[in-house]
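Asks: I have a structure I would like to understand better, so I am pasting it below and will then ask my questions one at a time.
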Amino acid sequence: MPTVPPILGFGAIAIDDIVYVDQPLSAGKGKVLQSTRAFGGNVATALAAVVRLGGTAGFVGWLGSAADDAVLRDLVASGVETAFAPRHPDARPVRSRITVGSDGERFIAYDDDAMLGTAPDFPDDILSRATVLIVDSYAIRSLDVVARARDLGLAILGDIEWSSGPATERLIALCDHLILPLGFARTATGCRSPAEMLDALWLPSRSAVVLTDGGRGVYYRGREETGLWHLPPHRVVVVDSTGAGDCFHGAYARALTRGADTAGRVAFAAAAAAVSITGRGGREALPTDDQVTELLASTNAPSAVELKYAQIDTGT
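Numbering of the sequence shown is given in our numbering, commencing with residue 160 and proceeding in unit increments.
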């Protein structure tokens with residue numbers, strides 16, 4: 160049996176049919192420039208990003224039992240460990256259809272009638288040998304496993320994008336590294352400014368709360384730091400934003416296992432996500448560690464600035 164990787168994850172794993180068009184999505188229609196099929200999913204792409212950045216990671220969600228399963232083959236090809244994942248003949252990926260506009264923005268239509276989460280009896284012996292568990296919104300189907308991982312001392316890194324009521328609230332409470340899209344954070348808290356959202360989401364048990372906001376950058380609060388912070392975005396040419404958030408989560412987890420503080424984790428993750436949007440596809444443009452290091456060392460790399468309470472109202 161192989162060694163348990165330090166970073167494990169379960170959640171969405173997808174096959175994406177991607178169409179690139181010659182107009183921004185706001186135009187309402189456009190000519191197809193290219194069509195492709197790719198593998199994606201929040202957690203699967205985050206784990207692939209960890210590997211691309213030089214780390215080791217394992218997918219421990221449900222996988223199909225067939226040896227020639229396409230999703231399984233792709234994870235293996237991406238360097239993600241699958242030996243510890245539970246198998247079921249009915250397991251299948253989420254199917255997504257993604258339209259990417261000329262401005263790099265995308266619309267995702269998905270069918271998630273699939274087995275997501277992980278086996279309810281997933282063994283503590285495997286969990287206890289890891290240090291980070293990445294989960295997404297679908298982890299509400301395996302809350303007891305998340306709770307056990309937290310009790311075993313794993314850092315729970317939550318990529319939560321939508322709510323299913325009380326189950327999602329419990330999941331959010333279990334995440335000590337909570338990384339949310341700002342739009343969902345606004346809905347979840349009822350607050351308008353990033354500073355108010357960060358405060359509303361903070362708990363004594365948290366290590367960090369991070370809010371990603373695309374072209375506006377990242378807002379965050381960490382346990383070991385005072386104040387609230389805003390990291391402006393890197394100025395790069397946006398080709399395709401598919402998978403950028405997933406890349407952020409994977410890079411954050413990678414930095415966490417390296418011992419970086421909150422500011423260092425956010426800076427590394429933001430740079431990784433910035434590199435990822437300069438190429439097409441959710442996996443194809445995942446960056447290497449050298450690419451991220453080079454971007455962070457560039458003369459125009461942004462620096463974090465302290466965020467005054469309620470200073471910025473995103474409005475939308």
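Every residue, glycine too, gets a C-beta built ideally from N, C-alpha and C.
(1) Is the distance from the Cβ of histidine 336 to the Cβ of glycine 317 below 9 Å?
(2) Spatial neighbours of glycine 214 within its chain, please: C-beta separation below 7 Å, excluding the five flanking residues on both sides.
(3) Using only the alpha-carbon positions, how far apart do valine 464 and glycine 404 sit?
(4) My understanding is that glycine 170 touches glycine 223, with C-beta atoms under 8 Å, so please give their C-beta distance in whole angstroms.
(5) With DSSP run on the structure shown, which of helix, strand or coil describes threonine 421?
(6) Could you tell me the alpha carbon to alpha carbon distance between alanine 173 and alanine 431, rounded to whole angstroms?
(7) Looking at the secondary structure, which residues open and close the alpha helix (DSSP H) in which alanine 456 lies?
(8) Using three-state DSSP, classify glutamate 264 as helix, strand or coil.
(9) Short of 6 Å in beta carbon distance, which residues of its chain neighbour aspartate 175, apart from the five on each side in sequence? Order them along the chain.
(10) Name the residue from Leu445, Arg309, Tyr379, Val395 whose alpha carbon lies nearest to the alpha carbon of arginine 424.
(11) Between leucine 231 and threonine 204, what straight-line distance do the alpha-carbon atoms span, to the nearest angstrom?
(12) For the beta strand (DSSP E) that isoleucine 174 lies in, which residues bound it at each end?
(13) Under three-state DSSP, which class holds threonine 416?
(14) Just to confirm the assignment: which complete beta strand (DSSP E) runs, minimum length 3, are found wholly within the segment 166-228?
(15) Going by C-alpha distance, which of Val291, Val294, Gly409, Val235 is nearest valine 451?
(16) Looking at the structure shown, is serine 296 part of a helix, part of a strand, or coil, going by DSSP?
(17) By how many angstroms is the C-alpha of tryptophan 361 removed from the C-alpha of serine 352?
Replies: The answer reads as follows:
(1) For the purposes of this step, residue 336 is taken as the residue at position 177 of the sequence shown. For the purposes of this step, residue 317 is taken as the residue at position 158 of the sequence shown. Yes, the pair counts as a contact, with Cβ atoms nearer than the cut-off.
(2) As a working mapping, residue 214 is identified with position 55 in the sequence shown. These residues qualify, in order along the chain: Ile166, Arg413, Thr416.
(3) Indexing the sequence shown from 1 puts residue 464 at position 305. Indexing the sequence shown from 1 puts residue 404 at position 245. So the alpha carbons of these two residues sit roughly 22 Å apart.
(4) To locate residue 170, count along the sequence shown from 1; it is residue 11. To locate residue 223, count along the sequence shown from 1; it is residue 64. In fact, because the Cβ distance is near 16 Å, the residues do not count as touching under 8 Å.
(5) Your numbering for residue 421 matches position 262 in the sequence shown. Helix.
(6) Against the sequence shown, residue 173 aligns to sequence position 14. Against the sequence shown, residue 431 aligns to sequence position 272. Each residue's Cα considered, the two are about 21 Å apart.
(7) The residue labelled residue 456 in the question sits at position 297 within the sequence shown. That run of the alpha helix (DSSP H) goes 448-456.
(8) As a working note, residue 264 is residue 105 in the sequence shown. Glutamate 264: coil per DSSP, three-state reduction.
(9) Residue 175 sits at position 16 when you count from the first residue of the sequence shown. Correct list, in chain order: Ala197, Gly199, Ser255, Ile257.
(10) Taking the first residue of the sequence shown as position 1, residue 424 is located at position 265. Cα-wise, what sits closest to arginine 424 is Tyr379.
(11) By 1-based counting over the sequence shown, the position of residue 231 is 72. By 1-based counting over the sequence shown, the position of residue 204 is 45. So the two alpha carbons sit approximately 13 Å from each other.
(12) Counting from one through the sequence shown, the residue named residue 174 turns up at place 15. Note, isoleucine 174: beta strand (DSSP E), 173-180.
(13) Here residue 416 refers to the residue found at position 257 of the sequence shown. If DSSP states are grouped into helix, strand and coil, threonine 416 belongs with the helices.
(14) 166-169, 173-180, 191-199, 216-218
(15) Mapped onto the sequence shown, residue 451 falls at position 292. Among Val291, Val294, Gly409, Val235, the Cα nearest to that of valine 451 belongs to Gly409.
(16) To locate residue 296, count along the sequence shown from 1; it is residue 137. It is helical.
(17) What you label residue 352 is simply residue 193 of the sequence shown in a count that begins at 1. What you label residue 361 is simply residue 202 of the sequence shown in a count that begins at 1. Distance between the alpha carbons of serine 352 and tryptophan 361 is about 14 Å.
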